[in-house]
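There are 4 protein chains.
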Amino acid sequence: MAKKTRERRGSATTAGRTAPPEVRRAQLIDATIDSIAQYGLSGTTMSTVTRIAGLSQGIANFHFQSKKNMLCETLRFLAEEHHDLWKAQLADSSLSSAEKLLAIVDAHFHAKICNPRKLAVWFGFFGEPAHRDTYRELVKDIDAERWEVSVGLCRAIREQGKYESVDPDSVMRNLEALYDGFFLNILIYPDMFSGDDAKRLVRNFLARAFPEHFSPFLERS
Amino acid sequence: MAKKTRERRGSATTAGRTAPPEVRRAQLIDATIDSIAQYGLSGTTMSTVTRIAGLSQGIANFHFQSKKNMLCETLRFLAEEHHDLWKAQLADSSLSSAEKLLAIVDAHFHAKICNPRKLAVWFGFFGEPAHRDTYRELVKDIDAERWEVSVGLCRAIREQGKYESVDPDSVMRNLEALYDGFFLNILIYPDMFSGDDAKRLVRNFLARAFPEHFSPFLERS
Amino acid sequence: MAKKTRERRGSATTAGRTAPPEVRRAQLIDATIDSIAQYGLSGTTMSTVTRIAGLSQGIANFHFQSKKNMLCETLRFLAEEHHDLWKAQLADSSLSSAEKLLAIVDAHFHAKICNPRKLAVWFGFFGEPAHRDTYRELVKDIDAERWEVSVGLCRAIREQGKYESVDPDSVMRNLEALYDGFFLNILIYPDMFSGDDAKRLVRNFLARAFPEHFSPFLERS
Amino acid sequence: MAKKTRERRGSATTAGRTAPPEVRRAQLIDATIDSIAQYGLSGTTMSTVTRIAGLSQGIANFHFQSKKNMLCETLRFLAEEHHDLWKAQLADSSLSSAEKLLAIVDAHFHAKICNPRKLAVWFGFFGEPAHRDTYRELVKDIDAERWEVSVGLCRAIREQGKYESVDPDSVMRNLEALYDGFFLNILIYPDMFSGDDAKRLVRNFLARAFPEHFSPFLERS
DNA sequence: AATGAATGAGACTTCATTCAT
DNA sequence: CATGAATGAAGTCTCATTCAT
Chain V
536 MAKKTRERRG SATTAGRTAP PEVRRAQLID ATIDSIAQYG LSGTTMSTVT RIAGLSQGIA
596 NFHFQSKKNM LCETLRFLAE EHHDLWKAQL ADSSLSSAEK LLAIVDAHFH AKICNPRKLA
656 VWFGFFGEPA HRDTYRELVK DIDAERWEVS VGLCRAIREQ GKYESVDPDS VMRNLEALYD
716 GFFLNILIYP DMFSGDDAKR LVRNFLARAF PEHFSPFLER S
Chain U
536 MAKKTRERRG SATTAGRTAP PEVRRAQLID ATIDSIAQYG LSGTTMSTVT RIAGLSQGIA
596 NFHFQSKKNM LCETLRFLAE EHHDLWKAQL ADSSLSSAEK LLAIVDAHFH AKICNPRKLA
656 VWFGFFGEPA HRDTYRELVK DIDAERWEVS VGLCRAIREQ GKYESVDPDS VMRNLEALYD
716 GFFLNILIYP DMFSGDDAKR LVRNFLARAF PEHFSPFLER S
Chain Z
536 MAKKTRERRG SATTAGRTAP PEVRRAQLID ATIDSIAQYG LSGTTMSTVT RIAGLSQGIA
596 NFHFQSKKNM LCETLRFLAE EHHDLWKAQL ADSSLSSAEK LLAIVDAHFH AKICNPRKLA
656 VWFGFFGEPA HRDTYRELVK DIDAERWEVS VGLCRAIREQ GKYESVDPDS VMRNLEALYD
716 GFFLNILIYP DMFSGDDAKR LVRNFLARAF PEHFSPFLER S
Chain F
536 MAKKTRERRG SATTAGRTAP PEVRRAQLID ATIDSIAQYG LSGTTMSTVT RIAGLSQGIA
596 NFHFQSKKNM LCETLRFLAE EHHDLWKAQL ADSSLSSAEK LLAIVDAHFH AKICNPRKLA
656 VWFGFFGEPA HRDTYRELVK DIDAERWEVS VGLCRAIREQ GKYESVDPDS VMRNLEALYD
716 GFFLNILIYP DMFSGDDAKR LVRNFLARAF PEHFSPFLER S
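Chains as they are written, first to last, in our numbering: chain V, 536 to 756; chain U, 536 to 756; chain Z, 536 to 756; chain F, 536 to 756.
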C-alpha cells in the first residue's frame, strides 16, 4: 500500500553521513517543497519529507527543531529566491522604467519561481489561518519593497506619456492581483494555463494602461 | 475536567432533539464554514464542527457519512450560493451588456459571498492537492457557464464601440484573475482591503478596456 | 520480548463497551497505580496503563485529557483515600486524645494505604521536581488539616500529664518525619520492614515522649 | 536557529580539549547532579548533562559507556562522599560515644551532603523501581557499616546510664527513619525546613531516649 | 580525546469512524 | 434521530546510542 522504499535523491555523496548542515537543510527544504506539492501542506509529515529526502525521521527535527519551523524556513527560502530573482533582473541600469516593470513581471512568471511545485507551497500557506500569520510576518518587508519599487516605476512611466487619467496606485494594485490570480490558475489548471500565458495577458493589461510604452501581445500573428 | 460550554447556535428549537435532516445539514454546513474560518481546513475536525453546531460527536457522520463528504457538501453550498446570486442579478432583462457584466462583478464582491469567513473555505480547498481535485470537479460546470456568459457580454460590448484591438477573451481572463487576486487580498489583509475596494479597482480595469462603456472610479473627487 | 497480550482485569462486564465514566476512571487509576509500582512513574506510559487496564490507547486521553492529568488524578485519589481513612478512624468520639493520635498513626500504616504498590506512587512524585510541584499543590490543605488535628491532640495529651519539658510541635515534626522514613523503608525493603514494624516503632517513640499515655511495645514477650 | 549558549563551567583549562579522564568524569558527575536537581532523574538526558558541563553530546557516552552507568556512578560518588564524611567525623578518638553518635547525625545534615541539589539525586533513585535496585546494591555495604557503628554506639551509651527499658535497635531504627523523613522534608519544602532544623529535632529525639547524655535543644532561650 | 550529525524506537496526543445505548 | 464512549492508526517530537571525522 504505502511505498516503503526510500526515494533517496541526489548522488550518494550528498546523502551520505555527516554532511554540512547547509547541505542537509537545503536537501530537506527541497524535499519539503516536493512533499507539499504532492501531498499538500497538511498532508506533509516529517515522514513524507524525510522519506523523499532519503533520510531518517529524526534528522529533520535535528536541523529544524520543529515541523513548524521547517515549513517556515521553506517559505522563507521561496520568498528569498523570488526576491533575489527580481532584484537581479533590475540590476541592469541601462533598462528603461517600462523594461524594468516588465522585468519584475517576468520574474514572477519565471519557470524557476512559477511552477505548480512551488506555487503549491504558497497556496498551502494561504489556505490555513495559522499559516497565513506566518506568511504575513515573513513577506512583510519583501512585499513592501517590491511595492515601492513597482509603484515608483509606474509613476516614472506615467510622467513619460499622456497618462493624466492613469492612477499608478490603481494600476499596481490590479497588477499585483493579476499575479496572484494567474498563480492560482496555473496551480489549479496547470495543463490549461502557463506562466507564458500569464506574461502575455499581463502585457495586454499593461498595454491598455500605458499604450505608448507597452504593445499588446497579438495571439498567433 | 472542565466541560467546554457548547456554542450551541440558533434557537433551542432548531437545535432540539429531533430536527428535520435539511435543518441539521444546513446547521452543520454553517458550523463547518465557521470552523474552517477559525481553524483552517486541516484544523477542522468532526469535533470542532459539532461543538460549534452545539451537537454531539457522532451526528456529523450520521448526516454526511464521512468528513470528506461533509467538506464537499460545504463547498457545493458555497458554489451554488454564488451561482444563484449572479444568475439572479442578471435576470433583469432591461440591463445593458455592460450593466450585466458589472452585475456579475458585483455578485463576486457581494458581502454575502466575499467575506473572510467564506473565502477561507475556498482558499482552504485551493491549498491542498486532494481538495483541489474536489474543487475542479465541483465547479466545472458552474465556471464554464459563467465564463460563457461573461465572454458573451464582452463580445457584445466590443461590438458596441471602437474596440477593434480589444480581445474579449484576454479581457475576461484578466478579469477572472482579478477576482481571485482580490479574493486573496481580502482573505490575507481583511483590514486593509475590502470588497468595495475590489469593485472600484475592477471598474478602473474595465474603464481602460472599454472606455466608452465604463467610467473609472475617481477616488474622492 | 514485550508482552503483547492484554492483561485485561476485572470481569468481562467491567471492561465492556460504554461503561459509565466513573467506572472507567477508577479502572484507569487502578491500572496507573499498578503501572507505577511495576515500571515507575517515568516508566509508566499511556501504553502500560491501558494495557494493564485492558483498554485501548486512546481511552485514557478521552477520560483524562492528558497523561499529566491522569497522574495527578491518581495522586489525588490516594491523597483522598488516606484522608478519608484517618478522618473515619477519628470519628468515634469516645476515644481519648492518645487513642486518637494512635488512630492516625494506624491509618498511615494501614494495609490499604501503606503497601509497596501505593507507596511507589508517592515516592514517584517525590522523585521528580515537576511532580513535586503537583504534590505540594495537591496535599497542601489535606496536610495542613492533619497537622492541626495532630498537634491539637499532642497538646491535649501534654496537659494530661507531667510533660512540661515536652514540646508538642517538636514531637509532631518528629512523628511526621517517622511516617515518611518508615514509608521509604517499606518501599525499599518490603521484605525486611512492614507496616506493623512501623507501628511498633512509633509506639516506642510515643512512649518515650508521653510515658504516662503510651506503653512501649515489647518485642516478643 | 538560536544557539543556546553553553553553560560551560569551571575555568577554561578544566574544559579544554584534552583533559585527564578523572577531571572529565568529575565534571560530568557534577553536571549530572545539577541536571537531576533541575530536571529530575527522568528529565535528565545525555544532552542536559553535557550542555550543563559545557561539553559535546558524545562525550558522556565516551566516559561512562551508557546513561545508566553514568547515573550509577553519580550515586556512588554521593554515597562515598557521605561515607567519607561521617567516617572522618568519627576519627577523633577522644570523643565519647554520645558525641560520636551526634557526629554521625551532623554528617547527615551537613551542608555538603544535605542540600536540595544532592537530595534530589537520592530521591530520584528512590522514586523508580529500576533505580531502587541500583540503590540497594550500591549502599548495601555502606549502610550495613553505618548501622553497625551506630547501634554499637547506642549500646555503649545504654550501658552508661539507667536505660534498661531502652532498646538500642528500636532507637536506631527510629533515628534512621528520621534521617530519611527530614531529608524528604528538606527536599520538598526547602524554604520551610533546613538541615539545622533537623539537627535540633534529632537532638530532642535523642534527649528523650537518653536524657542523661543529650540535652534537648531549647528554642531561642 | 573529542565532536556533533545521524539513526530509529517509542512517547504522547489527535482524530475519523464505529457502535452500544 | 441522537449520544458519546471506544478504537487504533498516524502524527510530532525526544533521546540513548553510534560513528565518521
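Yeah, the Cβ is synthetic: ideal placement off N, Cα and C, and Gly gets one too.
Any C-beta of chain F under 8 Å from that of residue i
i              : result
E663 (chain Z) : yes
S698 (chain Z) : Note that residue 698 (chain Z) corresponds to Tyr in the displayed sequence, not to Ser. No, its Cβ sits nowhere closer than 8 Å to a Cβ of chain F.
G730 (chain Z) : no
P751 (chain Z) : yes
L688 (chain Z) : no
L654 (chain Z) : no
N604 (chain Z) : no
M536 (chain Z) : Because the pLDDT of M536 (chain Z) is 33, which lies under 50, any placement of that residue in the model is unreliable, and the question is left without a value.
S756 (chain Z) : Annotation note: pLDDT 39 at S756 (chain Z) (below 50); position unreliable, no value reported.
N596 (chain Z) : no
Whole-angstrom C-beta distance between residue j and residue i, which should lie under 8 Å
i              : j              : result
I639 (chain V) : S705 (chain V) : Between S705 (chain V) and I639 (chain V) the Cβ distance is about 17 Å, and since that is not below 8 Å, they are no contact.
F749 (chain F) : A633 (chain F) : 6 Å
M581 (chain F) : K603 (chain F) : Actually they do not touch by this definition, with Cβ atoms about 11 Å apart.
V656 (chain V) : I571 (chain V) : 5 Å
L636 (chain F) : I692 (chain F) : 7 Å
F745 (chain F) : G696 (chain F) : 7 Å
K653 (chain F) : L613 (chain F) : 6 Å
Closer than 8 Å to chain U by CB, residue i
i              : result
A712 (chain V) : yes
F717 (chain V) : yes
G593 (chain V) : no
I723 (chain V) : yes
L736 (chain V) : yes
N650 (chain V) : no
R586 (chain V) : no
R667 (chain V) : yes
Neighbour flag for residue i against chain V, beta carbons, 8 Å
i              : result
A679 (chain U) : no
L563 (chain U) : no
N739 (chain U) : yes
L576 (chain U) : yes
S705 (chain U) : yes
F658 (chain U) : yes
R671 (chain U) : yes
R708 (chain U) : yes
Element boundaries [alpha helix (DSSP H), containing residue i]
i              : result
F660 (chain U) : P651 to F661
Q573 (chain V) : P556 to Y574
D702 (chain V) : Looking at the DSSP string, D702 (chain V) is not in any alpha helix (DSSP H), and its letter there is neither H nor E.
A626 (chain F) : A626 (chain F) -> no alpha helix (DSSP H), and no H or E assigned at all.
K647 (chain V) : Here K647 (chain V) belongs to no alpha helix (DSSP H), and DSSP marks it neither H nor E.
P746 (chain U) : That residue, P746 (chain U), is in no alpha helix (DSSP H); it is neither H nor E in DSSP.
G687 (chain Z) : P664 to E694
T583 (chain V) : M581 to A588
Q592 (chain U) : Counting along the chain, Q592 (chain U) falls outside any alpha helix (DSSP H), and DSSP gives it neither H nor E.
Interface flag, residue i vs chain Z, CB-CB below 8 Å
i              : result
A744 (chain F) : yes
E747 (chain F) : no
Original post:
Do the segment 566-578 of chain V and the segment 657-671 of chain V touch if we need at least three Cβ pairs shorter than 8 Å?
Top reply: yes
Exercise. Could you tell me whether the segment 636-654 of chain V touches the segment 609-625 of chain V, where touching means 3 or more Cβ pairs closer than 8 Å?
Key: yes
- Item | the segment 712-719 of chain U in contact with the segment 668-676 of chain V per 3-pair CB rule at 8 Å | no
**Prompt:** Using 8 Å as the Cβ pair cut-off and three pairs as the minimum, do the segment 593-608 of chain Z and the segment 552-572 of chain Z touch?
**Reply:** yes
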